[in-house]
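Each residue of the sequence shown is one higher than the one before, counting from 10 in my numbering.
For glycine and all other residues, C-beta sits at the position ideal for the given N, C-alpha and C.
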Amino acid sequence: MKKILLILITLTSFIPIITKRNDYIDVTKVIYINSICLDINEDNNQYDCYFYVLNNFNLAQAEISSNNVDNLAYVAKITAPTLTEAFRKLNQISNIYIHYNHLRTVILTNKFLNNQYLFDFYQFIKDDLNLYPSFYLFATDSKPEDIFNIENFSEISAYHTLLINPDLIKSYKLITFMDFAKAITINNYTLLMPHISCVKKIFSRQDEEYYSLFLDGYTFYNKDNTLLTIFANEFKPLHWLSLLNNTTYNLGEYDLYIKKGKYKLKKYKQTIIITFTIKGTLTKKNDSLSDKENFAKINDLVLREINELVNFMYNQPVDVFNINYYFGCNYNYFKNCNVEVKLKLNLN
Numbered sequence: 010m011k012k013i014l015l016i017l018i019t020l021t022s023f024i025p026i027i028t029k030r031n032d033y034i035d036v037t038k039v040i041y042i043n044s045i046c047l048d049i050n051e052d053n054n055q056y057d058c059y060f061y062v063l064n065n066f067n068l069a070q071a072e073i074s075s076n077n078v079d080n081l082a083y084v085a086k087i088t089a090p091t092l093t094e095a096f097r098k099l100n101q102i103s104n105i106y107i108h109y110n111h112l113r114t115v116i117l118t119n120k121f122l123n124n125q126y127l128f129d130f131y132q133f134i135k136d137d138l139n140l141y142p143s144f145y146l147f148a149t150d151s152k153p154e155d156i157f158n159i160e161n162f163s164e165i166s167a168y169h170t171l172l173i174n175p176d177l178i179k180s181y182k183l184i185t186f187m188d189f190a191k192a193i194t195i196n197n198y199t200l201l202m203p204h205i206s207c208v209k210k211i212f213s214r215q216d217e218e219y220y221s222l223f224l225d226g227y228t229f230y231n232k233d234n235t236l237l238t239i240f241a242n243e244f245k246p247l248h249w250l251s252l253l254n255n256t257t258y259n260l261g262e263y264d265l266y267i268k269k270g271k272y273k274l275k276k277y278k279q280t281i282i283i284t285f286t287i288k289g290t291l292t293k294k295n296d297s298l299s300d301k302e303n304f305a306k307i308n309d310l311v312l313r314e315i316n317e318l319v320n321f322m323y324n325q326p327v328d329v330f331n332i333n334y335y336f337g338c339n340y341n342y343f344k345n346c347n348v349e350v351k352l353k354l355n356l357n
């Protein structure tokens, strides 16, 4: 009896191996979409979809030697009346299996940023099982062709680019599709979408300038079709909306390194209290002043910039701190509130 039981257990253990579905896909028989840019063709009012694809066939060769290696990535452009049709066309044209589980970034042009196109995009991603909504979203006013024509420091890897590895970004607050879904489905939510630009004036190789990407501001969007892009070089206090960790800010004659920082909102009657808590170090200070005087001065400078941001919120008006959303109020609630800024500054 024990022998029979042992035989049955042994046979049963082989069932998963025998019945297992072999879904292994050879890397040379699949292409991975790493980035997508969505634009609107104004000539025919259709979608222009750009797909940024890593060239898997040369990855192994590139890791060994960068000599005589073809492009590490290439771009496919599809024009179609719907997003579903655009993706279907790409699948039809390609004779290689297309995989989207490595999709890292989706870039939306200014022409794409209106309620009609954004809602279509939301519905498409929500319904398509091939696209996992963990990718990062960016806005842009650059041409998609230029964005995907960027060069890279490394000739053997595209890893260190915003398109492939946005997690390297520390100075801006990144958003995923799940954050975007709030702006589409929740009436009082304001989305802060990092703005990406393509320029030719930063890097060059052998005196020849080439395209590179950088983040230069935020695009604000909410469901009432508010759309506003503010650039960091035009409005410096914008950086107080960013991630306040491991970041250095220049404040006049001071350089403030923020090791850890955050802000929180609290409501008291008709007053919204925004409290910033910052731990950091002055890496550059006025040596003619005492530590106490330097602390007082940097405290005033930080408060002044944050209050400029509050005034900007009222003047635009745009709910940059998402006051309406946090307190469950309508669009106009923040306009009718007093905002008080408090600062808890701890400098080593």
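- Assignment of beta strand (DSSP E) within the region 215 to 255, counting only whole runs of 3 or more residues, yields 217 to 230 and 236 to 240 in chain order.
- DSSP places Gln55 within a strand segment (E or B) once states are collapsed to three.
- Taking a C-beta distance under 9 Å as the contact criterion, Lys293 and Tyr263 qualify as a contact pair.
- According to DSSP, residue pairing for Tyr266 in a beta bridge involves Thr257 and Thr290.
- Here the alpha carbons of Thr238 and Met322 stand approximately 13 Å from one another.
- A residue is called buried when at least 16 other Cβ atoms come within 10 angstroms of its Cβ; Met187 does not meet this threshold and is exposed.
- Distance between Trp249 and Phe96, taken at the CA atoms: about 38 Å.
- Remark: C-beta atoms of Leu112 and Ile42 approach each other more closely than 9 Å.
- Within the same chain, Cβ atoms closer than 7 Å to the Cβ of Gly226 are found at His204, Thr238, Ile239, Phe240, Ala241 and Leu247, the five residues on either side in sequence being excluded.
- Here Leu138 is exposed. Its C-beta has fewer than 16 other C-beta atoms within 10 Å.
- Nearest in C-alpha terms to Glu317, of all of Phe244, Gly270 and Lys135, is Phe244.
- Leu63 is a Cβ neighbour of Ala82, given a cutoff of 9 Å.
- DSSP places Ile332 in the uninterrupted alpha helix (DSSP H) bounded by Ile332 to Tyr335.
- Under the three-state reduction of DSSP output, Pro153 falls in the helix class.
- For Ile134, no beta strand (DSSP E) segment is defined; the enclosing uninterrupted segment is the alpha helix (DSSP H) at Asn124 to Asp136.
- With contacts defined by Cβ atoms closer than 9 Å, Thr118 and Phe144 do not form a contacting pair.
- Counting other Cβ atoms within 10 Å of its Cβ, Val350 reaches 16 or more and is therefore classed as buried.
- For Val319, there is no enclosing beta strand (DSSP E); the enclosing alpha helix (DSSP H) covers residues Asp300 to Asn324.
- Here Leu200 carries a strand assignment [DSSP, helix/strand/coil].
- Under the three-state reduction of DSSP, Asn295 is assigned to coil, being neither helix nor strand.
- With contacts defined by Cβ atoms closer than 9 Å, Asn196 and Asn339 form a contacting pair.
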